[in-house]
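In this note's numbering, the protein residues as written are 8 to 257. All residues carry an ideal CB built from backbone N, CA and C; glycine is no exception. Input: a single structure, listed below in structure tokens.
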């Protein structure tokens, strides 16, 4: 199930149509009259992503937020994992996030979050939080990966998976840190790589896997999508093939 808010505009209608065509259950994507659907235009030069132009607003009508929270809590009765991806567009509030997380935790559902630095205080005591290096530095006020990761893990009281682009990623879990190198052989477009990491990790935790196993599979999934143009998808068979080349898999 996917939850969110779109505007009553052509972009919102097109998004919901594309989701349905891909088999995504998007009844939780609500349409708000006084809202504009976020649009991102990517400029590609010689096959590589060069620039992005965003058209967006950051104020979601409160009525739409109440309906979205209700929808999410109802869907948790049949969920295996809950993922928050926070783009700071106004769809998440601290009070709502905490109520939803509490519902999930009462049912034993693992919760993952990929949040903007400004909303770090929304989330704590989660099985896994994913962050890229630049945002982790901003959130922690640190200048090293280890310093940022350990600080965030303490502050959020959560395991933290910190992505480092060409340098791979590091997991900070139970006062320890584990690093894996990047597996990508050729980077074409990094669009959507962070979302791929979060999605792959969520699938592993939903199946009862550990944060370390989640990192291994997420690293392979990210290697696959950055080798393709645009916001590409990765298949299970591709992830298995990439994992076979990983130095950390026996």
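Pick from 180, 152, 159, 183 that is closest to residue 170, judged by C-alpha positions
Scanning 180, 152, 159, 183 for the CA closest to the CA of residue 170 turns up 152.
Using 8 angstroms as the threshold, is the stretch 207-226 in touch with the stretch 130-139, meaning 3 or more CB pairs across them?
yes
On a Cα-Cα basis, can you pick out the residue from 209, 242, 234 that is closest to residue 86?
209
Tell me residue 185's beta-bridge partners as DSSP assigns them.
178
Is it true that the CB of residue 190 sits closer than 8 angstroms to the CB of residue 111?
No, the Cβ-Cβ distance between residue 111 and residue 190 is not below 8 angstroms.
Based on the DSSP secondary-structure assignment, which residues constitute the bridge partners of residue 61?
47
Assigned secondary structure, residue 135 (DSSP; H/G/I helix, E/B strand, else coil):
strand
Quick one: grab the DSSP three-state call for residue 164.
coil
Touching by the beta-carbon criterion (3+ pairs, under 8 angstroms), the stretch 123-131 and the stretch 180-195:
no
Please report the residue range of the alpha helix (DSSP H) in which residue 205 lies.
200-213
As assigned by DSSP and simplified to three states, the class of residue 39:
strand
For residue 203 versus residue 246, is the C-beta spacing smaller than 8 angstroms?
no
Check residue 78 in the structure and name its three-state DSSP category.
helix
If residue 195 sits next to residue 54, beta carbons under 8 angstroms apart, how far is it from one beta carbon to the other, in whole angstroms?
Right, the Cβ-Cβ distance comes to about 7 angstroms (below 8 angstroms), so this counts as a contact.
Could you tell me the alpha carbon to alpha carbon distance between residue 39 and residue 178, rounded to whole angstroms?
38 angstroms
Minimum C-alpha distance to residue 79 - residue among 216, 164, 46, 8:
Cα-wise, what sits closest to residue 79 is 8.
Between residue 62 and residue 46, is the Cβ-Cβ spacing less than 8 angstroms?
yes
Distance between beta carbons of residue 123 and residue 161, contact taken as under 8 angstroms:
That pair is no contact at about 20 angstroms.
Of the choices 27, 17, 22, 49, whose alpha-carbon is the least far from that of residue 198?
Checking every option, the nearest Cα to that of residue 198 belongs to 49.
Looking at residue 121: is its Cβ nearer than 8 angstroms to the Cβ of residue 201?
yes
Whole angstroms is fine: what's the gap from residue 212's alpha carbon to residue 64's?
33 angstroms
For the beta strand (DSSP E) that contains residue 14, what are its first and last residues?
10-14
Taking only the alpha-carbon atoms, compute the straight-line gap between residue 230 and residue 214 and give it to the nearest angstrom.
22 angstroms
Within its chain, find whatever has a CB closer than 8 angstroms to the CB of residue 154; leave out the 5 residues flanking it on each side and keep chain order.
147
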